[in-house]
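Only one structure is covered here, and it is reproduced in the block below.
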Amino acid sequence: MFLKKTGTFLFIALILTSCQTYTNENEKIRADLYNGKYNEAIKKLDDSSFSKEKQNYSLFLMEKGMLLYLQDNYKEAVSSWVNSDKHLDELYTTSISNTASSLIINDSKSDYTGEVHERVLLPIFSSLALFANKDNNNAIAMIRRTNDIKHEFSTKEKYKNILKYDLFSSYFSGLMYENKNEWDNAIIEYKKALNNFNESNKNTDSNQQIQNFILKDLARLAEYRKRNDILKEIDTNKQNIKWISHDKFVKMGEIYVVYESGISPIKVPKNIPFVTDKTYVNISFPEYKQIPYKNHYSEIFINDILVGKTLVFAEIGKMAKESLENRKAADLTKIAARVIAKDVATRKIGEQNPLAGLAANIFSMSTEVADTRSWTTLPDTIQIYRITVTPNKEFTLKIKPKFGSPIEQSITLNAGEKKLIRFRTFD
761 MFLKKTGTFL FIALILTSCQ TYTNENEKIR ADLYNGKYNE AIKKLDDSSF
811 SKEKQNYSLF LMEKGMLLYL QDNYKEAVSS WVNSDKHLDE LYTTSISNTA
861 SSLIINDSKS DYTGEVHERV LLPIFSSLAL FANKDNNNAI AMIRRTNDIK
911 HEFSTKEKYK NILKYDLFSS YFSGLMYENK NEWDNAIIEY KKALNNFNES
961 NKNTDSNQQI QNFILKDLAR LAEYRKRNDI LKEIDTNKQN IKWISHDKFV
1011 KMGEIYVVYE SGISPIKVPK NIPFVTDKTY VNISFPEYKQ IPYKNHYSEI
1061 FINDILVGKT LVFAEIGKMA KESLENRKAA DLTKIAARVI AKDVATRKIG
1111 EQNPLAGLAA NIFSMSTEVA DTRSWTTLPD TIQIYRITVT PNKEFTLKIK
1161 PKFGSPIEQS ITLNAGEKKL IRFRTFD
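Numbering (the numbering used here), first residue to last: 761 to 1187.
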């Protein structure tokens, strides 16, 4: 009898210690990330339990890709992200059995299929990495992949509130098409960015700057391609913007500053009271917790003259929260069904064997853990600024985060040459 009891409680202890949330498990990895210790973070990630768990394969690749990307190891980062994207695609048709089993245990035991914003950001970050690695052809291929994914989601009304926080994917697509001299495709993407902006933003000074930023590029290309319909629309809106002609523009050098600021919110468990026919239980559901940071923009200087500050084109944190909110009702219904099934099974066991019933009840409670898996290495926002410079003439570029140390370098660009400078801050 003693051995049976000991075995039962050892089993209970094992269950309780094995049901940590993903957010808790990767806390040390994130601590290294925030302190810039990328090698240490990669080692901890490779040694972690979720690096070996099939259901977390796509998420593992998302996280590892970002850590490699932050080390400027763009080739390996893209490899991780492309494999994650492929795996997520496969899961839509092959994960039925794993999802069914999650009804018995908990959601964290099912295949991780990614949030909507994560699906969109995988090819976008891949495109950024490829462009930084001067692989323009594959950067365009990733842009097309992004557009395919966005099109799939945009046809469903429930996803539109998520995508409205993303101007970056369309605007950056326009940049990539411009780099390939695909002017008409660039116009299409800039119009998408502008339409997205107009549908989702209020008239504030900051938003006006973003709108004018997009309009200048759209107007320049519309003028060059003799798209008077677009120019008339801009004039009708009485936008007070000026631009240089495209013929002059292509003879300039150009800097793209991409600033990845802050830390994306992380999922934490939240208990929601739920009453069955004979008992009271807590349903555990994730919610996003905002991680505060100070640097919300960066100022840009050319030869110590302020030329502008970065503009927020993707609000990843808001996309994440909207994505979770969109599926909350459906997920809570599924969790409630699972909790009721566990409760019925537990009471039946308890009627036959009280000790076994206790063990089953503890097992039921401990396995009902919120699924807090998410792409935790993402920034909170993606910001951009675009600067034209005189070709064949050295200049000093300085980028100064609001409360951070400046990044400074001397640069000389040829006529028509483009240079991407991307960086990340966490505080």
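From the three backbone atoms N, C-alpha and C, an ideal C-beta is built for every residue, glycine too.
Please report the straight-line C-alpha distance between residue i and residue j, rounded to a whole angstrom.
i	j	result
Y782	E1020	24 angstroms
S960	Y1053	24 angstroms
N921	Y950	20 angstroms
M1079	V880	11 angstroms
V1058	T1185	According to the sequence as given, residue 1058 is Ser; it is not Val. Straight-line Cα distance between these residues: approximately 10 angstroms.
V1129	K1049	17 angstroms
K869	N816	9 angstroms
F1045	E813	22 angstroms
I1065	N893	29 angstroms
F810	F820	7 angstroms
M936	I802	30 angstroms
K1011	S1083	42 angstroms
K797	I994	47 angstroms
T915	N967	26 angstroms
I1181	F891	10 angstroms
I1001	L981	14 angstroms
R1087	T906	22 angstroms
N898	K940	11 angstroms
R726	T1150	Absent from the structure is residue 726, since the part of the chain shown begins at 761 and ends at 1187.
N786	E1014	39 angstroms
L848	I909	12 angstroms
I900	I1051	33 angstroms
T1156	K1162	19 angstroms
D832	Y925	27 angstroms
Y834	E1154	27 angstroms
H911	N896	23 angstroms
If we cut at 8 angstroms on Cβ distances, does residue i have a partner in chain D?
i	result
D806	Among the chains in the structure shown there is no chain D, since it carries only a single protein chain.
Quick one: residues in its chain with C-beta nearer than 7 angstroms to the C-beta of residue i, no 5 flanking neighbours on either side, listed in chain order?
i	result
I1071	Per the sequence shown, the amino acid found at residue 1071 is Leu instead of Ile. So the list reads Q969, I970, F973, Q1143, I1144, Y1145, once near-sequence residues are dropped.
P1166	K1158, I1159, K1160
G1176	V1010, K1011
L828	E836, A837, S840
V1067	I1060, F1061, I1147
K804	K788, I789, D792
In this structure, does DSSP put residue i in helix, strand or coil?
i	result
V1028	strand
L848	helix
D733	A question about residue 733 goes unanswered here, because the residues of the chain that appear run from 761 up to 1187.
T1150	coil
D926	strand
I856	With a pLDDT of 45 at I856, under the threshold of 50, the modelled position of that residue is not reliable, and the figure given next carries that caveat. Correct three-state label for I856: helix.
Q815	helix
K1088	helix
N843	helix
T783	helix
Q971	helix
I1043	strand
G1164	coil
Y1145	strand
I1051	coil
L1066	strand
N1129	Before going on, a small fix: residue 1129 reads as Val here, not Asn. Reduced to three states, the DSSP call for V1129 is coil.
Let's see if you can read the secondary structure: which residues bound the beta strand (DSSP E) around residue i?
i	result
I1062	1058–1062
F1155	1155–1161
I1004	Segment: none, I1004 is in no beta strand (DSSP E) and carries neither H nor E.
I1015	1013–1021
E1075	1071–1075
I1171	1167–1171
L1180	1178–1185
Can you give me the Cβ contacts of residue i inside the same chain, cut-off strictly under 8 angstroms, excluding the 5 residues immediately before and after it?
i	result
M822	S840, W841, S844, G874, E878, L882, W1135, T1137
L954	Q971, I974, L975, L978
L927	A953, N956, F957, I970, I974, F1073, A1074
K1030	S1044, F1045, P1046, E1047, A1130
D1140	S1021, G1022, I1023, S1024, P1025, I1051, Y1053, E1075, I1076, G1077
Looking at the unbroken alpha helix (DSSP H) that takes in residue i, where does it start and where does it end?
i	result
R904	896–914
Y794	787–794
S960	943–960
K872	Residue identity check: residue 872 is Tyr in the sequence provided, not Lys. Neither: Y872 is in no alpha helix (DSSP H) and is coded neither H nor E.
E800	798–807
Which same chain residues, not among the five before or five after residue i, have their C-beta less than 6 angstroms away from its C-beta?
i	result
G825	A837, S840, W841
I1026	T783, K1049, T1136
I1032	I1043, F1045
R1133	Y782, L819, Y872
N1174	P1151
I990	A982
L1081	Reading off the sequence shown, one finds Lys at residue 1081, where the question assumed Leu. Around K1081: Y1048.
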